[in-house]
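Peer 1: Protein chains in written order, with UniProt numbering: chain A, 1 to 219; chain B, 1 to 219. Note that CB positions come from ideal geometry on N, CA and C, so glycine has one too. These numbers were taken from a predicted model, which means no experiment stands behind them.
There are 2 protein chains.
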Amino acid sequence: MPTPARTAATPASPAATPRLTSKGRATRERIVAAAAGLMFENGVAGTSIEDVQLAAGVSTSQVYHYFGDKKALVKAVIAYQSDTVVGAQEPLLGKLDSVAGLRAWSDAIVRLQRSRQCQGGCPIGSLGSELAEIDDEARVDVAAGFSRWEQGIRSGLHAMHDRGELRRDVDPEALALATLAALQGGLLLTQIRRDTVALEAAMGAMIDHIASLVVAVPA
Amino acid sequence: MPTPARTAATPASPAATPRLTSKGRATRERIVAAAAGLMFENGVAGTSIEDVQLAAGVSTSQVYHYFGDKKALVKAVIAYQSDTVVGAQEPLLGKLDSVAGLRAWSDAIVRLQRSRQCQGGCPIGSLGSELAEIDDEARVDVAAGFSRWEQGIRSGLHAMHDRGELRRDVDPEALALATLAALQGGLLLTQIRRDTVALEAAMGAMIDHIASLVVAVPA
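1. Considering B:Val-27, what are the terminal residues of the alpha helix (DSSP H) in which it resides?
2. Helix or strand or just coil, what does DSSP make of A:Leu-213?
3. What does the alpha-carbon distance come out to for the pair A:Ala-8 and A:Arg-28?
4. In this structure, how does DSSP classify B:Leu-166 when only helix, strand and coil are distinguished?
5. With a cut-off of 7 Å, does the C-beta of B:Gly-156 fall near any C-beta of chain A?
6. If you compare alpha carbons, which of B:Ile-49, B:Ala-72, B:Lys-71, B:Ala-55 is closest to B:Ser-61?
7. Would A:Gln-53 pass as a contact of A:Val-63 if the rule is Cβ separation under 7 Å?
8. Report yes or no: is there a C-beta of chain B within less than 7 Å of the C-beta of A:His-161?
9. Could you tell me the alpha carbon to alpha carbon distance between B:Ala-100 and B:Arg-194, rounded to whole angstroms?
10. Tell me the DSSP secondary structure of A:Glu-173 in three-state form.
11. Could you please tell me which residues of the stretch 121 to 141 of chain A, in chain order, have their CB closer than 7 Å to any CB of chain B?
12. Could you pull the start and end residues of the alpha helix (DSSP H) that A:Ser-126 belongs to?
13. I'd like to know if A:Ala-202 contacts chain B, where contact means its C-beta is closer than 7 Å to some C-beta of that chain.
14. Should the stretch 177 to 185 of chain B be called in touch with the stretch 130 to 140 of chain A, which here means at least 3 C-beta pairs below 8 Å?
15. Looking at the C-beta of B:Gln-191, does it have a partner C-beta in chain A at a distance below 7 Å?
16. How would you list, in chain order, the residues of chain B whose beta-carbon sits under 8 Å from the beta-carbon of A:Ser-212?
17. Looking at B:Met-206 and B:Thr-179, is the spacing between their C-beta atoms short of 7 Å?
18. Which whole runs of the alpha helix (DSSP H) in the stretch 50 to 124 of chain A are 4 residues long or more, in chain order?
19. Residues in the same chain with beta-carbon distance under 7 Å from B:Ser-59, minus the five sequence neighbours each way, listed in chain order, please.
Here's what the structure looks like:
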């Protein structure tokens, strides 16, 4: 991951700048959003600071002012994508405490992939796959992003379990992690095959499995 | 994906050189194996022709002689990794026609990830995630590699279905694809989390699902 040398003229600035004016926050946000879009399309290695600067309509020194180096920008992109993915799914993630809710969530993700012509895969998973072995801090940040997503699934399954709707011997946490894995694998295969068949098969099988673990609600 | 300009001194050579001496084949194989190892560790973008040349102990002109450009080398690496992954699993892939065979296969993959300290993820999936949006030919080659893998799983499930061990209404092809997706997602989460919990949860849930679709063998 090449990081162009910072010139003496650009002030060192911590990645998480504590105080920014509202204009500064907006500029920083615009840079991160532009970088996230480019990295989603071309990968981290395929995105230069110059590409980001051009796409965000700012100067190179502004990018370095807000982020210090490419590694810090990548860190901000991981946080941005985690917020975006989990944020966009929040209304559906809050309703994963039923088989119908799980299917509605899965259907929405399938529709989203279709609207993207099955390009790009998972914005968090793609970053993780590219960075895991070359930037350990990025790997840990991606893991944290996945955890937030997993937490949404887990809450729904825990609620079903607590209400006695899932068999007592079911481990909701293992099932939530398995569901996230099926989703990630389905998204990767969707990206590679350019169709949603694998995503539908994976999520369908996992949700069928969960449905098979549902018991009659106690009277 | 930067591809250094080929000098006039290096002859243009098709990627799939039709006739090579046994020494030529061995050199070509050594270059591909070295490139595959480096790309598994550092990604395609993080691996230069110079890195490959040094690791393989050959000259840069030899790399260009056998592969023409980096794109052709990447193509050879995808084929090599598909052969390696499917080849290594062949003895187990041939026995996926029972729940016990599926569990043995899954256990072997979990052990392999542990022996790698959960680093690297899937050699095919990682290439696919990195290349899908920037090299469409590579994406198609990765899809072909996945298909060979899927075929192994599908054969086992088809055999169970044909023998009447799986419920009649089960689609073995969808189930095979779902299993490959669970495996891929489990491998990605294993790489990101540096533990095999997600892989075990994903494969465990998918194989439990398959087990729940098994009916008593007709007398």
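Peer 2: Result, derived from the coordinates:
1. At residue 27 of chain B the sequence reads Thr, which differs from the Val that was named. Start and end: 22 to 42.
2. coil
3. Because A:Ala-8 sits at a pLDDT of 37, beneath the cut-off of 50, its placement in the model cannot be relied upon, and the following sentence gives the value as read from the coordinates. Spanning the two alpha carbons is a distance of roughly 21 Å.
4. strand
5. no
6. B:Ile-49
7. yes
8. no
9. 27 Å
10. helix
11. Gly-121, Gly-125, Ser-126, Gly-128, Ser-129, Glu-130, Ala-132, Glu-133, Ile-134, Arg-139
12. 123 to 131
13. yes
14. no
15. yes
16. His-209, Ser-212
17. yes
18. 60 to 67, 70 to 93, 99 to 115
19. Gln-53
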